[in-house]
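Going by the numbering used here, the letters in the sequence shown line up with residues 40 to 143, in that order. Cβ coordinates follow ideal geometry from the N, Cα and C atoms, glycine included.
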Amino acid sequence: MKLIRDIRNAAVFHKAAKSMQAGDYSAVLDRLDGFQAQPYFMAKAELFRAMARHRQNRFADAVQHYDNFLMSHLADMPQKDRVYVEEYAKFFKSRAQARIDPST
């Protein structure tokens with residue numbers, strides 16, 4: 040049963056990733072709404088939510104998702120990727136904050 044659930048979750052995430060590549064950010068958010076999976080996929084899903092909101096110019100929402108990723112999900116990323124995705128999230132969080140308040 041767990042294997043089937045893991046395969047389904049991977050398929051949902053893969054579809055969300057395809058939507059992200061296609062620039063269909065609403066579809067990304069729809070696919071990830073209520074998404075529950077292994078911690079690694081949850082971490083990537085939260086980063087995708089932040090990226091999608093950012094690209095929709097929903098900067099305050101993006102900042103919240105970047106913060107949630109950094110505080111609650113970063114540790115679930117593989118060690119080899121952790122520094123990169125942390126810097127990525129911090130950089131784009133700062134860009135979103137600057138769009139909300141240019142004096143930031």
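Notebook entry, point to check: Where lysine 41 and aspartate 140 are concerned, what is the direct C-alpha to C-alpha distance, given to the nearest angstrom?
Noted result: About 45 angstroms.
Checklist line | aspartate 120: first and last residue of the uninterrupted alpha helix (DSSP H) it sits in | finding: Looking at the DSSP string, the run of the alpha helix (DSSP H) that includes aspartate 120 is 118-139.
Checklist line | Reduced DSSP secondary structure (H/G/I, E/B, other) of phenylalanine 74 | finding: Phenylalanine 74: coil per DSSP, three-state reduction.
Next item on the list: On a CA-only basis, which of Ala114, Met59, Ala55 and Asn96 is nearest alanine 137? Give me that one, please.
Entry: The shortest Cα separation from alanine 137 among Ala114, Met59, Ala55 and Asn96 belongs to Asn96.
Next item on the list: Give the DSSP-derived three-state secondary structure of serine 142 in the structure shown.
Entry: The three-state reading of DSSP puts serine 142 in coil, since its state is none of H, G, I, E or B.
Check: So alanine 89 packs on alanine 56, CB below 8 angstroms; how close in whole Å?
Finding: About 14 angstroms; that fails the 8 angstroms criterion.
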